[in-house]
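Q: In the working numbering, the protein residues as written are 200 to 594.
Ideal Cβ positions, reconstructed from N, Cα and C, are used throughout, including at glycine.
On a predicted model such as this, the values are computed, not experimentally measured, just so you know.
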């Protein structure tokens, strides 16, 4: 029989179900019965259950993702999940059939079940979105056999969501966002009018607005800007590098990546879902590109490079953050600070030059669309990639 590791375990969302489980548990806003004898993994922002039947060549996998802020629009939140977590990565129908139901007086559930494929492997994918109490949460499940279909439906039927606003209040900060972070060249998920009220700061010949709650530190040949409060283990830093005396984006890009590679000593890889972007906004030329390291442990370093043309020189900004590969997608700490990073990058101006953009540019009309190709992790958002060397995709 085929070994299941030849099958691609995909990004999953599950339908409520499974009473035939022994141990009850809770995670974030979920309460459920754990699938019996399935492997359980608790990772940052998610819980994954996996079972593999090597003899039959079948598998089932369930992923519960931590909740995020919601608009309380069930279908809109579902489509965010669909576009960011499913349609972007897998071969599926462009228009899913959505079933919306009422779970209880607090929560609505939107779900779909579709055939899907990736790397030539076929499977069934379930996506379920729970929306209520100003929060939204997602489950994704994939399987390739009827036995696992029944087990997943049983699990989903056991899923309940908290019914007290007290618990959601505790989760207003610090929750990993899936859809809030998915941008991929489109700023539709950002707040429409990010505002930065901080005082002007300077470095080299540049002036900029330091995001509120951020600090700066001068290092060798660069200025480091970073949030004052990060959770343990999180990494996020913006570096303003010394400018290059060139007008050529290509040579500046190559030289900058070489500098970064010398510092980190890790092989930098292109993000397969994100290309380079070169655009003009408010009289300023921007170039952006994303690369990342790849380590066996699943925790990588994500680099987002911005080049800004200033006459005969090119200013350089690099965003550095930790990155976690999750079920065909990437989660990056930078996703929590999207507006801050956006404000900072687009506040940079040349000292002494009339400020052609004294206000942070609005996202309306897509004037900045395409400039910001990364800092999405997400999942939503979430800028993602998968390991091309193996068909077994790890959440």
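Where residue 596 and residue 538 are concerned, what is the direct C-alpha to C-alpha distance, given to the nearest angstrom?
A: Residue coverage of the chain in this structure runs from 200 to 594, which leaves residue 596 outside it and unanswerable.
Q: Look at residue 309 and residue 274 and say whether their C-beta atoms are less than 8 angstroms apart.
A: Yes, the Cβ-Cβ distance between residue 309 and residue 274 is below 8 angstroms.
Q: Considering only the alpha carbon of each residue, which of 520, 304, 313 lies closest to residue 430?
A: Answer by Cα proximity: 520.
Q: Grouping DSSP H, G and I as helix and E and B as strand, with all else coil, what is residue 232?
A: DSSP places residue 232 in strand when its eight states are reduced to three.
Q: For residue 264, name the three-state secondary structure that DSSP assigns.
A: If DSSP states are grouped into helix, strand and coil, residue 264 belongs with the strands.
Q: Once the 5 residues before and after residue 297 are set aside, which same chain residues still bring their CB inside 7 angstroms of it?
A: For residue 297, where only same-chain residues beyond five positions count, the Cβ hits under 7 angstroms are 274, 277, 309, 311.
Q: Considering only C-alpha positions, which residue in the set 422, 227, 358, 257 is nearest to residue 346?
A: Answer by Cα proximity: 257.
Q: Nearest CA to the CA of residue 503: which residue from 510, 435, 511, 509?
A: When only C-alpha atoms are compared, the closest one is 435.
Q: Which residue wins for smallest C-alpha separation from residue 253, given the options 460, 331, 534, 343?
A: With distances taken between Cα atoms, residue 253 lies closest to 343.
Q: Counting C-beta neighbours from all protein chains within 10 Å, is the total for residue 260 16 or more, i.e. buried, or is it exposed?
A: Buried: at least 16 other Cβ atoms inside 10 Å.
Q: For residue 331, which residues in the same chain have their Cβ closer than 7 angstroms to its Cβ, ignoring the five residues on either side in sequence?
A: Within the same chain, residue 331 has close Cβ partners 305, 306, 307, 360.
Q: Pull up the distance between the alpha-carbon of residue 247 and that of residue 402, whole angstroms please.
A: So the alpha carbons of these two residues sit roughly 45 angstroms apart.
Q: Return the first residue and the last residue of the alpha helix (DSSP H) that residue 355 is part of.
A: Segment 345–357, the alpha helix (DSSP H) holding residue 355.
Q: For residue 547 versus residue 405, is the C-beta distance shorter than 8 angstroms?
A: For residue 547 and residue 405, yes; Cβs fall inside 8 angstroms.
Q: Secondary structure at residue 361, three-state DSSP: helix, strand or coil?
A: DSSP places residue 361 in coil when its eight states are reduced to three.
Q: Mind checking residue 447: buried by the 16 CB within 10 Å criterion, or exposed?
A: So residue 447 counts as exposed.
Q: Would you decide whether residue 341 is buried or exposed? Buried here means 16 or more other CB atoms lie within 10 Å of its CB.
A: Buried: at least 16 other Cβ atoms inside 10 Å.
Q: Is it true that the CB of residue 350 sits closer than 8 angstroms to the CB of residue 234?
A: Taking 8 angstroms as the Cβ cut-off, residue 234 and residue 350 qualify as a contacting pair.
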